[in-house]
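As structure tokens, the structure follows; a few thoughts come after it.
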Amino acid sequence: MTRHHSRIPVRLGFEETSLRLPLSAIMPLREVSERIRNSVKYAQIAASIQEVGIIEPPVVARDAADRDRYHLLDGHLRVAIMLDRGETEVVCLVATDDEAFTYNKRINRIAIIQEHKMILNAVKKGVSEERLARALNVNISSIRMKRNLLVGICPEAAELLRDKHVPMHVFTELRYMKPLRQIAAAQLMIAMNRYSTNYARSLVAASADDELVEGRKRRKKGGLTDQQLSLMQHESENLDRELRLIEQSYGADHLDLVLATGYVANLLSNARVVRHLAQHHGQILAEFQKIAELQQAA
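Sequential numbering of the sequence shown, starting at 7, is according to the numbering used here.
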């Protein structure tokens, strides 16, 4: 079965050049709590910035009324750490429209591809493997494996998975596929929110022969017939189409959600508002507090 892939026009979601901005011109959507500042995640990011600098620039959007001020969309911990370090400026990506904001806001640790980029940057700067291992709290063999993580992975698939928590062996499975199939597989993982090695193996099994790298044998999962594999391919194509429909509105919806949760968190920082809700709308206050707690964890 041959699958035809149409070329989709790509619209720039960010200004073409990054900007070095004064930290005083950046307005966070939320404060970083003391609990977050004392977390393992915060310490790990701070250590990595100390060792190799910022790998992923924070993302900001220009204020509609004052073009010299910016709303911080992504990177609250990185900006907080820069302020703690006494820095006055930071290089940022500037979003050009709401739909550009498609970042995963529920990252609780550094994603594996971010670690890979950090390691490559550190190696270029002459940072030793021992120093990196201390910064990331991992052993040296893990550093060496992550250094070669994206060998045989096309840039587009790597970009799709850049902030996902993907087991290293998933990339072994992706190497069985040609670039277009790698991209489709990454999109399916995101759509299904499944990043396990077994799921990646099932995607390899569901791939047509002409979608696999030459010389790689098609590996069938035990007990699957050709008819079942054909059905898996059909379902994969259906998911691919559904994913593209969702992509059309996901960015704007995600930004609306982040701005709304930021607004709720700001409301709860006002003692008079909290007191009024507690006296007259206790159930609403409880729901607002749940939303604010989720946002603090993001």
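Backbone N, C-alpha and C define an ideal beta-carbon position, used for all residues, glycine too.
Around the CB of valine 58, 16 or more other CB atoms lie within 10 Å, so the residue is classed as buried. Judged by their CB atoms, alanine 117 and aspartate 80 are not nearer to each other than the 8 Å cut-off.
Annotated as distal: lysine 184 and leucine 156, with beta-carbon spacing of 8 Å or more. The bridge partners DSSP lists for proline 34 are Leu78. In the three-state scheme derived from DSSP, where H, G and I count as helix and E and B as strand, arginine 26 is classed as strand. Counting other Cβ atoms within 10 Å of its Cβ, threonine 267 reaches 16 or more and is therefore classed as buried. The alpha-carbon separation between arginine 75 and alanine 292 amounts to approximately 33 Å. In its chain, beyond the 5 residues on either side, Val66, Tyr76, Leu78, Val85 have a beta carbon closer than 7 Å to the beta carbon of isoleucine 32.
Positions of the beta strand (DSSP E) runs, each at least 3 residues long and wholly inside the region 148-188, cannot be given because no such run exists. In this structure, the CA atom of valine 129 is about 51 Å from the CA atom of valine 279.
Taking all protein chains shown into account, valine 264 has 16 or more neighbouring C-beta atoms within 10 Å of its C-beta and is therefore buried. For leucine 218, there is no enclosing beta strand (DSSP E), as DSSP marks it with neither H nor E. Around the CB of proline 64, 16 or more other CB atoms lie within 10 Å, so the residue is classed as buried. With contacts defined as CB atoms closer than 8 Å, histidine 175 and tyrosine 201 fail to qualify as a contacting pair.
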